[in-house]
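Residue numbers (the numbering used here): 125 to 416.
Read the structure below first, then the notes.
Below is the structure:
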């Protein structure tokens, strides 16, 4: 008898119907991000899981990255005092960006910064986002993709606590870059500062064939024989234990919906060149709607 379903590596537009069918069948569900394409779809999934008492979580794997988890701890225990500045910058290579942007019409905020939006909101909870201003920069990706694809998207988010943070995500690292992604985290507080380089430059491999490489650079983790080590492995074990031992999930679906609403608002801001107030109500980015 099947008790739980793990949904991953399926097209983003299929997340909602597959997850809905599984929840209706009474199965616990792990769903890779995004939770859905439309907010109404996310709301339906959340309501189904809640009504049936099912475990339902979304794949924000970077919460299981030890470096990211340390930032959460340092903010929570007051090590750096009250945060006054938070910045996260994430970039991936053009080759990977072409694959991602060609598979679904979602922005860098929706596909890349989504992890970092979730991460920052997790670190700063219970504060909620109330306003976002976003801009997109264009360059190499238009030619590479053959479409209206931005290279980078920045978002300035204001929380109801009064603190604002900046998240940037792009997919235009040059082909010769030694690994497929890089992330920089900067948190400045009243009692200290925390700087995190998640680019994996601490392990470098040089070979006659490939030159300089940064192994151990996969955001999900690394396969080692029949064992998979890394954030996605820890995330999977966590979900299985939550189901088997009846424990709460770390990533609540309501939090994933909040992230989704925020990056949708960022897309709307980039389109209108104006700040967008949250919650979105009936507003909706036209570009996102066109890709749904």
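Here a beta-carbon is modelled for each residue, glycine too, at the ideal position from N, C-alpha and C.
Treat the numbers as computed from the prediction; the structure is a model and nothing was measured.
For residue 125, no beta strand (DSSP E) segment is defined, and its DSSP state is neither H nor E. One Cα belongs to residue 337, the other to residue 221, and the distance between them is close to 19 angstroms.
Following the DSSP letters along the chain, one finds residue 253 inside the beta strand (DSSP E) bounded by residues 253-261. At a Cβ-Cβ threshold of 8 angstroms, residue 280 and residue 262 do not count as neighbours.
The alpha helix (DSSP H) runs of length 4 or more contained entirely in the region 320-403 are, from start to end of the chain, 355-368, 377-396. For the set 316, 235, 226, 244, the Cα lying nearest the Cα of residue 269 is the one of 226.
Under the three-state reduction of DSSP output, residue 317 falls in the strand class. The beta carbon of residue 399 sits closer than 8 angstroms to those of 255, 256, 257, 393, all from its chain and outside the five residues before and after it, given in chain order.
As a beta-bridge residue in DSSP terms, residue 279 pairs with 258, 291.
Per the coordinates, the alpha-carbon of residue 368 lies some 35 angstroms from the alpha-carbon of residue 388. The beta carbon of residue 273 sits closer than 7 angstroms to the beta carbons of 225, 265, 266 from its chain, once the five residues preceding and following it are set aside; these are given in chain order.
For residue 200, the uninterrupted alpha helix (DSSP H) segment begins and ends at 190-200. When beta bridges are read from the DSSP output, residue 210 appears opposite 311.
Of all alpha-carbon atoms in 194, 153, 199, the one lying nearest the alpha-carbon of residue 174 is that of 153. Per DSSP, the continuous alpha helix (DSSP H) segment holding residue 244 begins and ends at 238-248. Between residue 386 and the set 179, 286, 300, 231, the nearest pair of CA atoms involves 231.
Its chain contains 126, 127, 128, 129, 178 as the residues whose beta carbon lies nearer than 8 angstroms to that of residue 151, once the 5 sequence neighbours on both sides are disregarded; these appear in chain order.
In the three-state scheme derived from DSSP, where H, G and I count as helix and E and B as strand, residue 147 is classed as helix. Residue 380 counts as buried, since no fewer than 16 other beta carbons sit within 10 angstroms of its beta carbon.
The C-alpha of residue 238 is placed about 18 angstroms away from the C-alpha of residue 138. By the 16-neighbour rule on beta-carbons within 10 angstroms, residue 205 is exposed.
Residue 278 and residue 302 have their C-alpha atoms spaced approximately 24 angstroms apart. Of the residues assessed, residue 321 falls on the exposed side of the cut-off, its CB having fewer than 16 other CB atoms within 10 angstroms.
At least 8 angstroms separates the beta-carbon of residue 141 from that of residue 228.
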